[in-house]
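In terms of this note's numbering, the sequence shown is residues 4 to 191.
Even for Gly, the Cβ is constructed at its ideal location relative to N, Cα and C.
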Amino acid sequence: MPDLLGDPDPADRTAVAHATAAAVLQAARSEPGTAPRLLDLADRLGLDEIAELWRGSGPDTLPGTLWSLYLLRSWVHRNGSEAARVFAVGERVAEVSTAVAGVAHPPGPAEVAALGDAVLTSAFTGDFAVALERAGAFCRVVAAGRAHSADDLAEEEGARQTRLAKGNLRMAEELERAAALWRRNELH
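Written as structure tokens, this is what we have:
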């Protein structure tokens, strides 16, 4: 029921977020040809529309996890050069995560964009937990790259890269935790 200002009830908003996330995943897995259309859902609807629906969901939920995957894909497509640059720095110090992420070498804007597409497609059509682990590994490498390069930058930009690295690391941990929850059938 809406509140006095007309905003949806938080419980209704949560129920809609969970129902739509489950429907998106179910449609992608059960209807041939749906996954490619869902891949660019954020491009067609707008990332803000998806955010409005799913962003408020916790990272340990299906809608929150799908939001993270769409956000990651959007970032690598819009900021491919930056993503490739920090990934290239990070892959020298985060070798295991680099291997799990599976970005083609050398990583350029097209390669990191392809990874974003591959992870989301795999989430829809393959092993969801493995897709989440790949996305988490990518975020770990990016975090390592940002942290490693922060000391070589001007103070303000170095501090910004350090903050971003912490956010990338948090997203990596959330995606990895979501993968574990999925495997236990506890990600809803």
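*Would DSSP call His1 helix, strand or coil?*
Since the first and last residues shown for the chain are 4 and 191, residue 1 lies out of range.
*Locate the alpha helix (DSSP H) running through Gly161, then write down its first and last residues.*
Glu158 to Arg186
_At 4 residues or longer, what runs of the alpha helix (DSSP H) sit wholly inside the stretch 9–93?_
13–33, 37–42, 44–48, 50–57 and 65–81
_Using only the alpha-carbon positions, how far apart do Glu98 and Leu172 sit?_
15 Å
_According to DSSP, simplified to helix, strand and coil, what is Asp154?_
coil
*With C-beta atoms as the reference, is Ala116 less than 8 Å away from Gly83?*
yes
*If we count the other Cβ atoms within 10 Å of its Cβ and call it buried at 16 or more, is Ser125 buried or exposed?*
buried
*Between the Cα of Thr101 and those of His80, Ala140 and Val122, spot the shortest distance and give me the residue it belongs to.*
Ala140
*asked:* For Arg186 and Arg137, I'd like the C-alpha separation in whole angstroms.
replied: 15 Å
*Assuming Gly161 contacts Ala153 (C-beta within less than 8 Å), just tell me the rounded distance between them.*
4 Å
*Give the secondary structure of Leu135 by DSSP, where H, G and I count as helix, E and B as strand, and everything else as coil.*
helix
*Could you have a look at Gly129 and say whether DSSP puts it in helix, strand or coil?*
coil
_Can you give me the C-alpha to C-alpha distance between Ala113 and Pro62, rounded to a whole angstrom?_
28 Å
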